[in-house]
Amino acid sequence: MGTELSRLCEPAKPSSSAIHATYKSREVEGIVDLWFYRRIGFRLAQFFVRRNWTPTSITLIGGIFGIVAGHLYFYRALVLNLLGLVFHVAANIFDNADGQLARLTNQQSRIGRILDPVVDHIIWFSIYLHLALRLQFEGFSSAIWALALAAGLSHAAQAAAADYSRNAYLYFGKGRPEFDSASNLKREYRRYTWRANLWRKFLLGLYLNVTREQELLLPGVKQLHERVDHDLAGQIPVRFQSRYGDLVLPSLKWWGLLMTNTRMLVLFAVFLVRQPVWYFWFEITAANFLLFYLVRKQEKISRSLVELLTTQKESA
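Heads up: the sequence shown begins at 504 in the numbering used here, then just goes up one per residue.
Encoded structure:
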């Protein structure tokens with residue numbers, strides 16, 4: 504065991520192609536992910552392969568780190584808040600490692616894709632709960648719970664839209680097959696029974712609700728998905744992939760600002776100035792403004808591509 508751990512702590516020197524094989528796609532990875540989380544996650548994935556661990560177990564371990572991080576954000580002591588950020592970083596490392604392990608060992612599954620955001624929501628619930636409790640103990644009125652709820656709902660919408668836009672790029676721009684729709688998920692959900700498939704039906708129900716939220720936020724993407732399935736039978740031509748990528752790629756880095764790395768940077772800043780309430784205001788103001796801008800931009804792109812497919816079909 505000591506030998507295994509010493510190898511894990513050695514400077515990472517895996518081949519570039521080996522790491523790239525564990526990415527979702529380089530275009531949807533942030534700089535911090537590429538140069539920090541993915542490198543460490545890859546080494547962890549290699550370690551867990553040798554221990555015969557499953558991606559699900561890695562996801563749950565990361566969830567524990569994240570929940571503990573939320574608890575450490577409750578305290579006013581800066582050293583404990585910074586320790587919470589260390590636990591939060593560890594949670595993100597495991598969040599990267601589970602997907603990399605799945606791709607490394609070909610254990611990718613629908614349940615894994617569902618469980619990952621569920622655990623992420625639990626982590627952030629812990630964070631919002633403990634921040635609100637901290638602020639109430641510091642003298643804020645009970646209205647702080649309304650502020651925390653508004654920030655949490657804003658966060659959920661931002662994360663859902665950002666994830667949906669990334670998955671749309673992987674489907675339309677890279678030809679990846681995994682892009683679910685609420686209508687298909689609803690049919691699958693009805694096939695399961697609570698008595699025989701309790702856990703699977705429960706997770707699928709959560710995933711269905713998230714997918715519905717995503718389609719409400721970005722209806723143009725939903726319409727484009729339906730049109731591609733109807734007109735192209737899901738077989739996306741290379742020319743269409745290239746066209747989609749050219750239009751969407753400039754926005755991907757901005758969608759990345761609505762992901763975890765930005766939120767952790769904001770948390771670090773508000774803890775340094777001892778004003779955690781500012782984090783809630785960041786979610787409600789700046790992050791929502793960026794969401795509104797990106798949704799409008801994505802919808803414009805989606806509508807233009809729907810019109811393109813319609814024109815091509817009529818002229819065929």
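Quick reminder that beta carbons are idealized off the backbone N, C-alpha and C, glycines included.
Given a threshold of 16 other Cβ atoms within 10 Å of its Cβ, counted over all protein chains shown, does A580 qualify as buried or as exposed? exposed
Can you look up T562 in the DSSP assignment and give me helix, strand or coil? helix
Nearest CA to the CA of R553: which residue from L604, K689 and N599? L604
Please give me, in chain order, every unbroken run of the alpha helix (DSSP H) with length at least 4 that falls completely inside the segment 778-816. 780-785
Threshold first: 3 residues or longer. Then list the beta strand (DSSP E) segments lying entirely within the segment 681-746, N to C. none
Please classify W758 as buried or exposed, where buried requires at least 16 neighbouring CB atoms within 10 angstroms. buried
Please report how far the alpha carbon of A654 lies from the alpha carbon of F774, in whole angstroms. 17 Å
In or out: Y796 buried (at least 16 other Cβ within 10 Å) or exposed? exposed
Cα-Cα separation between G748 and G678, rounded to whole angstroms: 11 Å
7 Å is my cut-off, CB to CB: does L575 come that close to chain B? In the structure shown, chain B cannot be found, because there is only a single protein chain.
From N599 to S560, what distance separates their C-alpha atoms? 13 Å
Cβ pair count under 8 Å reaching 3, the segment 601-617 against the segment 538-558: yes
Return the Cβ separation of N727 and L652 in integer angstroms, given the expectation that the two are a contact with Cβ distance under 8 Å. Sequence inspection shows Leu at residue 727; the Asn mentioned does not correspond to that position. Contact doesn't hold; Cβ gap of about 33 Å is too wide.
Quick check: L811 and R730, are their CB atoms within less than 7 Å of each other? no
Beta-carbon proximity list for S528, same chain, < 7 Å, skipping 5 on both sides: L673 and K677
Where A664 and L721 are concerned, what is the direct C-alpha to C-alpha distance, given to the nearest angstrom? 7 Å
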